[in-house]
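Encoded as structure tokens, the structure appears first; notes follow it.
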Amino acid sequence: MNNYHLYEEIGHGKYTVVYKGRKRYSIEYVGVKSTEKCRRSRVMNEVAVLNDIKGHFNVLRFHNWYETRNHLWIITEYCAGGDLLKVLKQDSKVSPDQCRAFCLDIISGLHHVHRNGIIYGDLKPSNLLFTEEGRLKLCDFGMSQRLTDLENLSAKGKPLPRRGTPYYMAPELLLDRGVHSFASDLWALGIVMHELVTGRPPFVSNSFQSLQHLIKEEDPKPDITPLSSTMADLVHGRARGGGGGGDDSLLAKDPVTRLDWAGLLSHPFWKGQFDHLLDVELPPQKHFADYVKTSHRLHYPSSSSIGRNATSTSSQRLNPLTVQTPSSEMLRSETPSAVNQPTPPTRRHTVDAIPSPASSPLMQIQQLVFHPSAPSESRRVTVAAAITKLLPHWSDQSVSPISTGQEEEDAVPSDSSSDFVDEGASSPAGGKENQKGWENRLSFKPFDRDAFVAAITQSATSAALNKEVHHHIAVIHQQLRSATSPDLVHAIIAYLNHLSERVEIADVVLNSSILSLLLVLASPPDKDADHASRSSRGQWTIMRRSEALRIDTLNMLGKALRHASFIEPGCTAAGGSHSMMVGASVVSHHSEAGASGLSFDTLTDGAHGGYGLFEMLQQCIEPTSSNSLAIRRVALAALGELMFYVATQQQSPTAAAADTTANSILSTCSSSSLDLPPSVVSVVVQTCLVNGDDLEVHGLLMLAAQTLRNIALMAPDGWVSTNLLTPNISAQVLGRLAKAGCDSSVSPRVRVTCLAALDRTLNLVPSPFTSTELLQVCMSGLRLAGRAGAESDAQRAVSSGVSFGLRLLGSHARLDAATAEGLVGEILSVLGQPRLSSVSRGKAILLLARLFLIRGPSTGNIGAHALHCALDKNFAMRFERICRAPDAVRDADSEDEDTASYLQRALSVVVDAVSICLWQCLTDAVTDLRALTTSNPTPSPRYSSSRSGTSSTSASSSASLRRGSASSSVNMNISRALNIIMHLLASSNMARCVLTESHLPSVARIAAWQTPCGSPRSGTSAGLQHLQLLMIEGLPAQVGVLLEGGPPLCDCFVRSMLPSIISHTHSELADVRFRAFKSLSDITMQMLADDETYNVDGALRARLTSLLREQLLPLLGVLLGDDEPTPTLVRRLLSVALPDEIMTPMVKYRR
């Protein structure tokens, strides 16, 4: 960034500021966009997209990008004309002819973007910039998406990101599993065209829910036909009933029937000006083709294009016999495909009990769908690595202010330049000073903060502004030095406190001689005599400083240190000097300054107080009679901010100064680096190590811990272990933090801060903790989530607890079943917290997924036990509720992509983990079954009758014991597997872990297993059969998942699972026969009613009917002789499944 001069601000957003800039040693002006680092993913996406599409005269030209300590910078061409939104605000609206002229540029640029395989995703007036010649250019590609990325996500069955500005989002993006496409960009083009000629978007509402309804259901208003019938045909189409949004228009609701590029370019509204683009081929949209074949038919069931463009299976179907769990589509809308299903005479559970969208129009349900990967040992390792990689979130990297209670917890982080402060909010003032009256008590005219920032920014090219900045600094210095009234001193400190929220002003204040006066005001009163003897002037009489004044001054210094991006090393040492000047220009201002009675040598002479920052702050922290607890706390907070600056400064201070627009004012500052004095390190370390249970100790400990956390987050590699936590003291400090974090008598906020500091510090120094201690810290963090007062504290507590849990699970420590069960309980308790953020839920789910993956020689199958325990505590239902979250399509500026999809990615990972854990459970159970089958447990009759005596009795007893042990092991493994499967089938997403081609053969074998022939029937075997039947009864509700998997999965189910179900109809117990046949009937009827799988694939249908004919017909006599409703179910099933000739003998038999 040293290659560019920055001038005035020309735009800003929630996370960004755009400046006008100039490249050094040239007259080339550029646009410089500064973005906070929490938006890194979006900035990197924009840089990559700009590189891909550069070279078109209607796309903003990209030059370069840079990264500094606090920000990411993108350098682009400078567009002097502002944006299209400004034109609309000034002129209200434009004529159709002017709209055509604007859109010639917009369409040309958008076509170039699409031609390069990129979907814009955020077309709106504020993202369309004018050059000096009046040409429009597309800008801000942070929301753009590559077709290749979308294709990869679609191929993996993962939901695609849906984001944008709500007023300009297409209807399909407001529906479950809608996708961005060329069509959604063309919808946004139609919205912009409508807005240009009418002055407002066609769909406007103060409520987001109402806005969704307007976009999805209502016609655009007002009608623009009176303005231009040709344009109305292009934008609104030939609407039904004279409304808008008809087919073959830009605002058609259905993306398939919406006007495409060929129709747009050839439309008569353009008068043939796009004919040269008609022959240009655009890349295929494979993800959109997948959407048309699946979710589109559910969104637009009456679309005439479905027959032509969508021929694959839908994602969910209505169960024609019973519905155990309603599908998301049934809750979302009553599509004809669901309503027209044949309704059977009897039904155990109907969908009528579920509230329909008609009765609750705002309850739009978004059903996330996950598809687990094929399980294997290598996949276990991959998923475990993915959990470790996914766990960090950018919100964990935010540096919190080291506040002492006078400021809000959500103040601007110290790694932010605070460029976007809400001017409507009051600035916090330290101590007991009233913030609202300081302007009236000043003896000079205060500078408007934004105007002062602008003057500093532009001082490099304006001698007048350069002079004005120095003059105001000199006025503040003189007034503060000569003040005899405590009210005036308080007012000046409050004014500086107000100014220091901006990084540019904080840099100037901390590098001027004002700092030396502030150091004296903040220092303990017993240093006055020493000050008088060391001061070279001795003209400033120090008043007796009150505690409130010292607190105000220390608070002001802490805020300035937090926001500063450059501090001259002389400011931090005793007797240091300040060299802030503006080169030679300061000489020309001396005479005028002298005439006004001001001395500009205050800007260049040494520090009058003689106190360096480090020295003064250490004196204020000392537990002396002159330092109250409040003073010690604000001093420690300010020292923490200064230590953070030292730890994170650039290798070259001049490079650090480049991160602020005030660098022209600081051009002559020293370029030497800052070092951290050992005495300062000792202060923080000793504060951490002090034992005690009183409020004073806990308050200081929290500040020291916050300092450690901030430094650990941002310091260069190796800095902490070298300069702060050396090997001889790190174990003591970490132990103290852990002890405070686990102590229930300590305030929750202090505990959260200690655990967060411990978590970050353990990434940089060796861990001194045993597995037992890690478990204790993990549990404490998870429990704190429910006790934390603020949501931010709860998120930090969960993040710390999960991080310690992953360290524990990754250390290969031996876990017992009780420990795993306790950990599962704490995680599920966290998931039950109502005010927990999505990121915190995602982290808790990731820890649970990692626990499911544990398996090794020292741990056994603890993962399976944890999964069983979690499912017993209703984890499957919790998971389903999280997946069915209210549809929340946010504004593009509300959250970045990572935050919006973090929970979704965590849910996807836990589905993979469950699938792998289930695979291992099934493998164990089948292996034991195979061993039991091959061991021939039933003794041969000739051996049992011919042997007698002691030896034969002993051998018989040993064999019996072996059989009993083997049977017990098998029973345990099968019981656990059946319980897990039964719970998983209660959730449509979790059922996908069971109903896979890799799992179904093992599930079928376990479902069909019975007590070995010759063994007496026991309570254990009866219990197993009951579990088998419960598992089988869960299958009908998930037939939709089978059909979604297509013919291969259905064929696997018919070959493996149906024979296992039929085997239970051979039971001697009528209740068992009924339960098995009821499930068989429900499953088979749904399969045979499916028009797109069984009626299309004749071989699959023939295999199903053949199975029923071979294995079910021999049981007709028994089944028809049972009590109702079994005979009715049998007749209904066979009347659908088997040829008509089978019915006659059956009816005769029944008679």
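Residues 1 to 1151, numbered by the UniProt record's numbering, are exactly what the sequence shown covers, in order.
C-beta: ideal position from N, C-alpha, C; glycine also.
None of these values were measured; they are calculated from a predicted model.
Rank Leu-1088, Ser-1063, Leu-1029, Ala-1089 by C-alpha distance to the C-alpha of Arg-1075 and give the top, closest one. Within the sequence shown, the letter at position 1075 stands for residue 1075. The option with the nearest alpha carbon to Arg-1075 is Leu-1029.
Beta-bridge pairing of Trp-73 - partner residues as DSSP gives them: If you number the sequence shown from 1, residue 73 lands on position 73. Its beta-bridge partners are Ser-34, Tyr-66.
Are the segment 689 to 708 and the segment 728 to 747 touching, with three or more C-beta to C-beta distances below 8 Å? yes
Looking at the secondary structure, which residues open and close the alpha helix (DSSP H) in which Lys-137 lies? Numbered from 1 along the sequence shown, position 137 holds the residue referred to as residue 137. Careful: Lys-137 lies outside any alpha helix (DSSP H), inside the beta strand (DSSP E) at 136 to 138.
Under 7 Å Cβ to Cβ from His-276, same chain only, skipping five residues before and after it: list those, please. For this step, residue 276 is matched to residue 276 along the sequence shown. Answer for His-276: no residue qualifies.
Among Trp-1009, Gln-145, Leu-815, Phe-444, the one whose alpha carbon lies nearest that of residue 1159: Here the chain comprises residues numbered 1 to 1151, so residue 1159 is not present and cannot be evaluated.
C-beta atoms of Pro-125 and Leu-173 nearer than 8 Å: On the sequence shown, position 125 is the one that residue 125 refers to. On the sequence shown, position 173 is the one that residue 173 refers to. For Pro-125 and Leu-173, no; Cβs fall outside 8 Å.
Integer Cβ distance of Ile-119 from Phe-182, believed to fall under 8 Å: Counting from 1 along the sequence shown, the entry for residue 119 is found at position 119. Counting from 1 along the sequence shown, the entry for residue 182 is found at position 182. Contact flag correct, Cβ pair sits at about 7 Å.
Reduced DSSP category for Glu-46 - H, G, I as helix; E, B as strand; rest coil: The sequence position of residue 46 within the sequence shown is 46, counting from 1. Glu-46 falls in the helix class under three-state DSSP.
When the Cα atoms are used, what is the spatial distance from Glu-997 to Val-280? As a working note, residue 997 is residue 997 in the sequence shown. As a working note, residue 280 is residue 280 in the sequence shown. Whole-angstrom Cα-Cα distance: 44 Å.
Could you say if the segment 712 to 722 and the segment 745 to 752 meet the contact criterion of at least three C-beta pairs nearer than 8 Å? no
By DSSP, does Glu-997 sit in helix, in strand, or in coil? For the purposes of this step, residue 997 is taken as residue 997 along the sequence shown, with counting starting at 1. Coil, per DSSP.
Given Glu-195, which residues of its chain have a CB within under 6 Å of its CB, disregarding the five upstream and five downstream residues? Position 195 of the sequence shown holds residue 195. Once the five neighbours on either side are set aside, the close Cβ partners of Glu-195 are Pro-201.
In angstroms, rounded to a whole number, what distance separates the CA positions of Arg-1132 and Ser-1081? Residue numbering aside, residue 1132 sits at position 1132 when the sequence shown is read from its first letter. Residue numbering aside, residue 1081 sits at position 1081 when the sequence shown is read from its first letter. Answer to the nearest angstrom: the Cα atoms are 9 Å apart.
So, is Ser-965 buried or exposed, given that buried needs 16 or more other C-beta atoms within 10 angstroms? Here residue 965 is taken as the residue at index 965 of the sequence shown, counted from 1. Confidence at Ser-965 is low in this model, with a pLDDT of 49, below 50, so the placement of that residue should be treated as unreliable; the coordinate-derived value is given next. Exposed is the call here.
On the DSSP bridge assignment, give the partners of Arg-115 in chain order. Within the sequence shown, the letter at position 115 stands for residue 115. BP columns for Arg-115 are empty, so no partner.
With DSSP as the reference, identify every bridge partner of Glu-504, one or two as the case may be. Here residue 504 corresponds to residue number 504 of the sequence shown, with the count starting at 1. None; Glu-504 has no bridge partner.
Evaluate the contact criterion for the segment 834 to 842 versus the segment 871 to 880: three or more CB pairs, one atom per stretch, below 8 Å. no
Classify Glu-880 as helix, strand or coil using the three-state DSSP reduction. Sequence index remark: in the sequence shown, residue 880 carries index 880 (1-based). Helix, per DSSP.
What's the gap between the Cα of Arg-379 and the Cα of Ile-916? As a working note, residue 379 is residue 379 in the sequence shown. As a working note, residue 916 is residue 916 in the sequence shown. C-alpha separation (whole angstroms): 8 Å.
Where Gly-11 sits in the DSSP three-state scheme: Here residue 11 is taken as the residue at index 11 of the sequence shown, counted from 1. Three-state result, Gly-11: strand.
Taking the CB atoms as reference points, tell me whether Ala-635 and Leu-617 lie closer together than 8 Å. One-based indexing of the sequence shown puts residue 635 at position 635. One-based indexing of the sequence shown puts residue 617 at position 617. Yes, Cβ-Cβ distance for Ala-635 and Leu-617 is below 8 Å.
Mind checking which residues open and close the alpha helix (DSSP H) that includes Phe-1074? For this step, residue 1074 is matched to residue 1074 along the sequence shown. Taken as a continuous stretch (DSSP letters only), the alpha helix (DSSP H) holding Phe-1074 covers 1070 to 1089.
Okay, do the segment 485 to 505 and the segment 447 to 467 touch, 3+ Cβ pairs below 8 Å being the bar? yes
Give the C-beta separation of Lys-37 and Leu-6 to the nearest angstrom, bearing in mind that I take them to be a contact with Cβ-Cβ under 8 Å. Counting from one through the sequence shown, the residue named residue 37 turns up at place 37. Counting from one through the sequence shown, the residue named residue 6 turns up at place 6. Not quite, the Cβ-Cβ distance comes to about 18 Å (not below 8 Å), so this is no contact.
Hey, Gly-13 and Val-59: beta-carbon distance below 8 Å or not? Here residue 13 is taken as the residue at index 13 of the sequence shown, counted from 1. Here residue 59 is taken as the residue at index 59 of the sequence shown, counted from 1. Contact flag unset, no.
Below 8 Å on the Cβ atoms is my guess for His-698 versus Val-746; work out the distance and round it to an integer in Å. On the sequence shown, position 698 is the one that residue 698 refers to. On the sequence shown, position 746 is the one that residue 746 refers to. With a Cβ gap of about 6 Å, His-698 and Val-746 count as contacting.
Using beta-carbon positions only, say whether Ala-794 and Leu-846 come within less than 8 Å of one another. As a working mapping, residue 794 is identified with position 794 in the sequence shown. As a working mapping, residue 846 is identified with position 846 in the sequence shown. Result no, Cβ atoms of Ala-794 and Leu-846 do not sit closer than 8 Å.
Nearest to residue 1236 by CA position, among Phe-274, Ala-491, Glu-468, is which residue? Since the displayed the chain opens at 1 and closes at 1151, residue 1236 lies outside it and no answer follows.
Could you tell me the alpha carbon to alpha carbon distance between Ala-797 and Val-777, rounded to whole angstroms? Sequence index remark: in the sequence shown, residue 797 carries index 797 (1-based). Sequence index remark: in the sequence shown, residue 777 carries index 777 (1-based). For Ala-797 and Val-777, the distance between alpha carbons rounds to 11 Å.
What do you get for Gly-789, buried or exposed, if any count of 16 or more other CB atoms within 10 angstroms of its CB means buried? Counted from its first residue, the sequence shown places residue 789 at position 789. Exposed, since its Cβ has fewer than 16 Cβ neighbours within 10 Å.
I'd like to check one pair, Pro-372 with Cys-1050: are the Cβ atoms closer than 8 Å? To locate residue 1050, count along the sequence shown from 1; it is residue 1050. To locate residue 372, count along the sequence shown from 1; it is residue 372. No.
Give the DSSP bridge partners of Tyr-29, in chain order. Numbered from its first residue, the sequence shown carries residue 29 at position 29. Beta-bridge pairing links Tyr-29 to Arg-22.
Write down every uninterrupted run of the beta strand (DSSP E) in the segment 459 to 524 whose length is 3 residues or greater and which is fully enclosed by it, in chain order. none
Helix or strand or just coil, what does DSSP make of Phe-444? On the sequence shown, position 444 is the one that residue 444 refers to. Phe-444: coil per DSSP, three-state reduction.
Nearest-angstrom beta carbon gap, Ala-820 and Leu-775 [assumed within contact, 8 Å]: Along the sequence shown, read from residue 1 onward, the residue named residue 775 stands at position 775. Along the sequence shown, read from residue 1 onward, the residue named residue 820 stands at position 820. About 11 Å separates the two Cβ atoms, so there is no contact after all.
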